[in-house]
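Below: the structure, in structure tokens.
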């Protein structure tokens with residue numbers, strides 16, 4: 573008898589739980605179907621405005637941003653979508669990928685990777701926005717050293733660049 | 065309206081193509097279970113003891129079946145008197161993983177996450193199986209055992225005949241319901257509408273995924289590809305887990321099967337509990353497993369296949385539908401569809417002319433022949449060899465599915481050339497056809513390296529990442545039919561591919 577009661581109690585409990593779950597599913601369903609996007613609203617890949625065009629430009633930008641943050645040097649191009657600190661963090665984070673978008677050999681790319689790996693790891697561990705931690709402690713000093721650390725790789729990168737014949741010809745024709 | 069209905073038909077047929085190979089495997093396993101008899105089948109699943117649930121989980125992990133292929137096996141387990149909780153545990157696990165998909169997940173998602181997902185599935189199976197047997201006792205069904213079949217060719221023919229009969233049985237209606245459910249889902253989801261459905265910061269993402277996932281049909285491999293894509297795009301891991309368990313493990317056909325066998329109330333109670341439990345686990349593991357250092361892409365294409373295939377602006381929908389079906393049909397799927405066709409034909413003839421099973425009676429009537437230079441193997445030897453064979457076949461399948469690096473590069477060279485040339489010449493449809501194939505070979509390259517213990521250097525990984533990003537950007541340009549951008553991105557992809565290929569020069 574006691575066993576039957578226990579069983580019917582557990583059945584009731586199960587039914588209540590089940591009803592609750594199905595009710596939540598129905599509510600969620602109606603809210604979800606009510607806010608469907610149409611096909612024309614397909615997501616596009618957002619390419620950040622502050623993404624440098626190449627490895628060389630990234631290093632130049634790091635130099636400019638570090639000078640701005642450390643010494644208050646004026647910025648010719650101010651970031652539009654993000655803060656200076658966020659831009660600095662992002663450009664450092666993109667360095668290995670930008671370096672890999674070239675004909676740099678593995679041994680040279682490894683120099684870029686090793687110089688930035690610890691910094692990028694520390695970025696991913698940060699829970700607060702870069703404005704709160706990037707200019708403090710050793711992080712900014714380590715970032716400031718990057719152009720110097722990567723000077724040899726930068727030279728090799730520059731030597732590999734082929735001038736854009738069409739662009740040069742066009743600029744020569746312009747008055 | 066027409067495009068929506070045609071879209072739903074396309075999604076149903078695509079699901080049928082994907083399901084065909086695993087449905088054949090399901091029919092074969094179910095036919096073997098029927099032929100080996102009630103007692104042996106019961107023994108395989110632990111004879112309704114404490115071992116039954118882990119054994120069902122283990123067998124489910126090894127068998128290459130999907131949630132539709134599992135239906136005939138579940139029916140046979142039911143006929144054999146296996147407890148309801150064990151049947152559902154098997155039905156839920158078998159579609160989740162197979163060795164090829166686990167290997168894929170280990171390489172392209174976070175290995176820790178896949179291991180955690182695997183153990184979470186064991187917990188779910190154990191809890192839900194136990195809950196079923198606790199709430200709904202005496203759910204097992206006893207049937208009259210089928211008479212023994214003489215060994216040799218007669219037994220093999222009997223297995224084929226059983227498969228044929230099963231292919232036109234009521235079980236196939238559940239399979240059809242699962243397929244139609246996948247098609248109907250696309251009626252409610254406009255093209256591309258799930259691209260931001262699984263964002264990491266969206267607290268409702270796992271719950272939303274649970275709702276979509278139940279009618280979804282996904283093979284283990286498709287689910288693992290989606291999981292890897294979600295990891296790479298920084299999507300919600302909790303949503304990924306929900307999709308894996310509910311999307312791969314359940315479908316409308318399976319729910320109908322449970323309702324038919326045990327009653328609607330029991331089915332609803334069990335599914336309700338399952339959804340709640342999966343969501344609790346998903347929310348618990350989602351945050352700790354989130355990959356570090358991944359930049360959220362803000363969207364994903366992983367679920368585009370569950371939405372309507374045609375958005376606005378498609379002019380000739382029937383022609384586009386035919387092309388889409390033709391493009392998505394893979395050779396092994398075609399062979400399996402032909403195989404199912406043959407089974408249905410034979411099964412249909414037997415149903416019309418031999419409903420009483422006279423043919424099987426004829427096969428069973430012969431006495432065992434006397435053997436001269438042969439021996440009759442005992443059941444445990446056959447069982448052991450089958451199990452070892454399954455493991456060996458799984459390992460071999462992994463090596464076949466992920467070929468050597470040189471073979472992959474030989475294929476990828478052709479694919480890359482086709483994609484780049486169609487992008488630069490503005491051939492949008494051809495370009496979009498080659499995009500997923502190129503992505504697939506890139507993933508195989510990574511898994512093959514992992515499988516063959518040829519670890520990729522960080523340099524090589526970065527080069528692969530650049531090619532992947534190039535393909536994704538190009539895909540958008542092709543979809544939007546932007547001529548200049550597609551041409552530029554096509555050329556860039558060609559260069560990125562060449563650099564990636566060069567990073568492997570001397571490493572083969």
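Protein chains in written order, with our numbering: chain A, 573 to 747; chain B, 65 to 572.
The C-beta atom is built at its ideal place from N, Cα and C for all residues, glycine as well.
Item: Go ahead and label residue 437 of chain B buried or exposed: buried means 16 or more other beta carbons lie within 10 angstroms of its beta carbon, across all protein chains shown.; Value: exposed
Item: Would you check if there are 3 or more beta carbon pairs closer than 8 Å linking the region 144 to 162 of chain B to the region 189 to 198 of chain B?; Value: yes
Item: Span of the alpha helix (DSSP H) holding residue 640 of chain A?; Value: 627 to 643
Item: Tell me the DSSP secondary structure of residue 532 of chain B in three-state form.; Value: helix
Item: Under the assumption that residue 130 of chain B contacts residue 95 of chain B (Cβ atoms under 8 Å), give the Cβ distance between them as a whole number of angstroms.; Value: About 17 Å separates the two Cβ atoms, so there is no contact after all.
Item: Any beta carbon from chain A within less than 8 Å of residue 569 of chain B's own beta carbon?; Value: no
Item: Please report whether the beta-carbon of residue 527 of chain B lies at a distance below 8 Å from any beta-carbon of chain A.; Value: yes
Item: In three-state terms, what does DSSP make of residue 162 of chain B?; Value: coil
Item: Looking at the structure shown, is residue 648 of chain A part of a helix, part of a strand, or coil, going by DSSP?; Value: coil
Item: Sorted by chain position, which residues of the same chain lie with C-beta nearer than 6 Å to residue 490 of chain B's C-beta, five sequence neighbours on each side aside?; Value: 547
Item: Excluding the 5 residues preceding and the 5 following residue 240 of chain B in the sequence, name in chain order all residues of the same chain whose CB lies nearer than 8 Å to its CB.; Value: 317
Item: Rounded to whole angstroms, what is the Cα-Cα separation between residue 503 of chain B and residue 530 of chain B?; Value: 12 Å
Item: Measuring CA to CA, which of B/92, B/168, B/299, B/565 is closest to residue 356 of chain B?; Value: B/299
Item: When the Cα of residue 763 of chain A is compared with those of A/701, A/655, A/631, A/708, which residue comes out closest?; Value: Because chain A spans 573 through 747 in this model, residue 763 of chain A falls outside it and cannot be assessed.
Item: Just reading off the alpha helix (DSSP H) that residue 293 of chain B is part of, what are its end residues?; Value: 284 to 296
Item: Helix, strand or coil for residue 606 of chain A? Go by DSSP, reduced to three states.; Value: For residue 606 of chain A, the predicted structure reports a pLDDT of 39, less than 50, and the residue's modelled location is therefore unreliable. The matter cannot be settled from this model.
Item: Pop quiz: residue 89 of chain B and residue 128 of chain B are said to be a contact at Cβ under 8 Å. What is the actual Cβ separation, rounded to whole angstroms?; Value: 6 Å
Item: Can you pull the chain A neighbours of residue 521 of chain B, defined as C-beta to C-beta under 8 Å?; Value: 678
Item: Across the region 159 to 173 of chain B and the region 274 to 290 of chain B, are there enough close Cβ pairs to call them in contact, namely three or more that are closer than 8 Å?; Value: yes
Item: For residue 343 of chain B, which residues from the same chain have a beta carbon less than 7 Å from its beta carbon, with the 5 sequence-adjacent residues on both sides left out?; Value: 270, 271, 274, 306
Item: Whose CA, out of B/164, B/80, B/108, lies closest to the CA of residue 140 of chain B?; Value: B/108
Item: Just verifying my parser: in three-state terms, what is the DSSP assignment at residue 299 of chain B?; Value: strand
Item: Report yes or no: do the region 212 to 222 of chain B and the region 391 to 399 of chain B share at least 3 C-beta pairs separated by less than 8 Å?; Value: no
Item: State the DSSP-derived secondary structure class of residue 549 of chain B, mapped to helix, strand or coil.; Value: helix
Item: Whether or not the region 479 to 497 of chain B and the region 182 to 189 of chain B are in contact is what I'm after, with contact meaning three or more pairs of Cβ atoms, one per stretch, closer than 8 Å; do they touch?; Value: no
Item: Write down the C-beta distance between residue 164 of chain B and residue 465 of chain B rounded to the nearest angstrom, noting that I regard them as a contact closer than 8 Å.; Value: 5 Å
Item: Using a Cβ distance threshold of 8 Å, determine whether the region 251 to 259 of chain B contacts the region 355 to 369 of chain B, with at least three qualifying pairs required.; Value: yes
Item: Restricting to runs no shorter than 4 residues, where is the alpha helix (DSSP H) found entirely within the region 669 to 706 of chain A?; Value: 678 to 697
Item: Below 8 Å, how does it come out for the region 379 to 390 of chain B and the region 72 to 79 of chain B: are there three or more Cβ pairs, yes or no?; Value: yes
Item: Express the C-alpha separation of residue 484 of chain B and residue 555 of chain B in angstroms, rounding to a whole number.; Value: 7 Å
Item: Which one of B/535, B/210, B/375 has the shortest CA to CA distance from residue 497 of chain B?; Value: B/535
Item: With DSSP collapsed to three states, give me the class of residue 263 of chain B.; Value: strand
Item: Suppose you measure from the CA of residue 609 of chain A to the CA of residue 732 of chain A; what does that come to, to the nearest Å?; Value: In this prediction, residue 609 of chain A scores a pLDDT of 41, lower than 50, which makes its location untrustworthy; the coordinate-derived value is nonetheless stated afterwards. Spanning the two alpha carbons is a distance of roughly 47 Å.
Item: My parser needs the alpha helix (DSSP H) runs of 4 or more residues fully inside the region 429 to 475 of chain B; what are they?; Value: 443 to 465
Item: Specify, as a first and last residue, the run of the alpha helix (DSSP H) that residue 514 of chain B falls within.; Value: 492 to 515
Item: What residue does the alpha helix (DSSP H) around residue 728 of chain A start on, and which one ends it?; Value: 723 to 732
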